[in-house]
Amino acid sequence: MRVKLASILSCLFLLSITAATVAKDYYVYVASESEDEVALLKFDEQTVTVVKRIPVGVWPVEIEGPHGITVSPDGEFWFLAMAHGRPYGHVYKYKTGTDEKLGRVELGLFPATMQMSPATGLLYVVNFNLHGDHVPSSVSVVDPESLTEIERITTGVMPHGSRVSPDGLKHYSVAMMSGMLYEIDASALNVIRRLSVGQEQEKNGQAHVMAHAAGKPDNKMPSHPPKPTWVYPHPSKPYVYVANNGANEMIEVDLKSWKVTRRFKTAPGPYNLEVSADGKKLVVSYKTDASTGFWDLAKGVELAKIANSRRVTHGVVISPDSRYAFVSVEGIGGQPGAVDIFDLDNLKYLVTAEVGKQAGGIAFWKMVE
Numbered sequence: 000m001r002v003k004l005a006s007i008l009s010c011l012f013l014l015s016i017t018a019a020t021v022a023k024d025y026y027v028y029v030a031s032e033s034e035d036e037v038a039l040l041k042f043d044e045q046t047v048t049v050v051k052r053i054p055v056g057v058w059p060v061e062i063e064g065p066h067g068i069t070v071s072p073d074g075e076f077w078f079l080a081m082a083h084g085r086p087y088g089h090v091y092k093y094k095t096g097t098d099e100k101l102g103r104v105e106l107g108l109f110p111a112t113m114q115m116s117p118a119t120g121l122l123y124v125v126n127f128n129l130h131g132d133h134v135p136s137s138v139s140v141v142d143p144e145s146l147t148e149i150e151r152i153t154t155g156v157m158p159h160g161s162r163v164s165p166d167g168l169k170h171y172s173v174a175m176m177s178g179m180l181y182e183i184d185a186s187a188l189n190v191i192r193r194l195s196v197g198q199e200q201e202k203n204g205q206a207h208v209m210a211h212a213a214g215k216p217d218n219k220m221p222s223h224p225p226k227p228t229w230v231y232p233h234p235s236k237p238y239v240y241v242a243n244n245g246a247n248e249m250i251e252v253d254l255k256s257w258k259v260t261r262r263f264k265t266a267p268g269p270y271n272l273e274v275s276a277d278g279k280k281l282v283v284s285y286k287t288d289a290s291t292g293f294w295d296l297a298k299g300v301e302l303a304k305i306a307n308s309r310r311v312t313h314g315v316v317i318s319p320d321s322r323y324a325f326v327s328v329e330g331i332g333g334q335p336g337a338v339d340i341f342d343l344d345n346l347k348y349l350v351t352a353e354v355g356k357q358a359g360g361i362a363f364w365k366m367v368e
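Pasting the structure below:
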């Protein structure tokens, strides 16, 4: 009996080792804004390969500027925001795997980041409106089946960082030139809360919110603007995290009290950020510093800051198993863009894939064992 038990335990031990060492393949899409190209990357935990370069857009002699990219929750489709239009931009829909273009919908000025809600099935796209006067812009709500814009919700000046809550019931974005965080009811399709994210605005936040309630435009900048560029909800706790690009800081917002609970001083130019699925780490791109930061959320400390392969660090996406971070880097001059891959367990740089110029929007597709 003892021999049998020992044999069974030995087999179980070997199986556990085998399971732990089975390599996975990770697939990521990245858009190159100055190339009108999307690259599909495959990372096998050692090397990274550009599987495919996908030409995008419809104008053969002009750069249309692919900016934001996202994959549907079921992994069946990917969507691409083409920022430059005549005058308006578009969102394109593609089939994953074949990367066949299925259609497009015209939105506002400079559509940028976006995400689909697993609860409503709708796509929420911020219209960054880089052109002209600093006036409030909007979040476009798109039916991804019919490729129809069903609502346009006014928020602030230069909205960015479109992300939905884990349950898909709330949508969050920030307005770069208004210094505000917005919470939208993903079903009712209206703004339900606003929050000033800068320290100066925080002191005078009540007057700012009252101005909003009175319907006044959200186009005044404080003397020390936070210029928020990204927001990301915690996967399991009632917090969202905001990158205040102009103030060189990140903030934590408690969704229950709707207040800033922590501020983290960062390297210059925090731009995009993401929280790992296990809720333990936050990875932030430092656009000005040409580096990536890795933070322990429980302790509120930066564990490491690692230089990127070239300048102008942009987007961040983390694999669903919380093991790897994929960071897009624009490059400068005639340099190709890049995606740098980092090991989150050991906090080290692994490998780089070169893609088209000005690599920006990045989205995770799937893991395959």
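With the first letter of the sequence shown counted as 1, position 270 gets the number 269 in numbering that gives the first Met the number 0; the numbers rise by one all the way through.
We put the CB at the ideal spot given by N, CA and C, even for glycine.
Task: Extent of the continuous beta strand (DSSP E) run through K100 - done: K100 to E105
Task: Spatial distance of S136 from A174 (CA atoms) - done: 9 Å
Open item on the list: Only counting the same chain, and skipping five residues up and downstream in sequence, which positions put a Cβ closer than 8 Å to that of M176?
Closed with: H133, G155, V156, M157, N218, M220, P224 and K226
Task: Straight-line gap, H233 to L168 (C-alpha atoms, nearest Å) - done: 14 Å
- [ ] Use the C-beta contact count for D43: other C-beta atoms within 10 angstroms, 16 or more gives buried, fewer gives exposed.
- [x] exposed
Task: Strand pairing of W77, partner residues [DSSP] - done: V70 and Y93
- [ ] Please confirm whether F363 and S318 have their CB atoms less than 8 Å apart.
- [x] yes
TODO: Would you decide whether D339 is buried or exposed? Buried here means 16 or more other CB atoms lie within 10 Å of its CB.
DONE: buried
Open item on the list: So H89 and F127 are supposed to be a Cβ contact under 8 Å. How far apart are they, rounded?
Closed with: 14 Å between Cβ atoms; not a contact.
TODO: Counting only the same chain and skipping the five closest in sequence on each side, list residues whose C-beta sits under 6 Å from that of V70.
DONE: W77, A362 and W364
- [ ] With a threshold of 16 other CB atoms inside 10 Å of the CB of K298, please say whether the residue is buried or exposed.
- [x] exposed
Task: For A187, the three-state DSSP class (helix, strand or coil) - done: coil
TODO: Tell me, please, which residues DSSP counts as bridged to M366.
DONE: Y25
Open item on the list: Checking the sheet assignment: what are the DSSP bridge partners for H83?
Closed with: According to DSSP, which records beta bridges pairwise, H83 is partnered with nothing at all.
Task: Burial state of S195, where buried means 16 or more other Cβ atoms lie within 10 Å - done: buried
TODO: Please state if the CB of I152 and the CB of L188 are separated by a distance shorter than 8 Å.
DONE: yes
TODO: Note down, in chain order, each residue of its chain lying with its Cβ closer than 6 Å to the Cβ of K23, except the 5 sequence neighbours on either side.
DONE: M366 and E368
- [ ] Compute the Euclidean distance between the alpha carbons of I62 and G131, then round it to the nearest angstrom.
- [x] 20 Å
Open item on the list: Classify S256: buried if its beta carbon has 16 or more other beta carbons within 10 angstroms, exposed otherwise.
Closed with: exposed
Open item on the list: I believe K286 touches S33 by the beta-carbon criterion, under 8 Å. Please report the beta-carbon distance rounded to the nearest angstrom.
Closed with: At roughly 16 Å, the Cβ-Cβ gap does not stay under 8 Å, so K286 and S33 are not in contact.
Task: Selection from T228, E150 and P165 that minimises the alpha carbon distance to V190 - done: E150
TODO: Report yes if the CB atom of S327 is closer than 8 Å to the CB atom of H313, and no otherwise.
DONE: yes
Task: Coarse secondary structure for Q357, derived from DSSP in three states - done: coil
- [ ] Given a cut-off of 8 Å, decide if V47 and A370 are closer than it, judged by their beta-carbon atoms.
- [x] Since the first residue shown for the chain is 0 and the last is 368, residue 370 is missing from the structure and cannot be characterised.
- [ ] Name the residue from K41, S31 and D35 whose alpha carbon lies nearest to the alpha carbon of Y25.
- [x] K41
Open item on the list: Once the 5 residues before and after L13 are set aside, which same chain residues still bring their CB inside 6 Å of it?
Closed with: Because the pLDDT at L13 is just 47, under 50, the model does not fix this residue reliably, and the value given afterwards should be weighed accordingly. There are no such residues.
Open item on the list: Whole angstroms are fine: how far does the CA of S145 sit from the CA of S284?
Closed with: 35 Å
Open item on the list: Quick check on DSSP: helix, strand or coil for D217?
Closed with: Only weak support is given to the placement of D217: the predicted model assigns it a pLDDT of 49, under 50, and the value that follows is read from those uncertain coordinates. D217 falls in the coil class under three-state DSSP.
Task: First and last residue of the uninterrupted beta strand (DSSP E) at I53 - done: V47 to P54
- [ ] Determine which residues share a DSSP beta bridge with E251 and list them.
- [x] Y240 and R261
Open item on the list: If I follow the unbroken beta strand (DSSP E) through M113, where does it start and stop?
Closed with: P110 to M115
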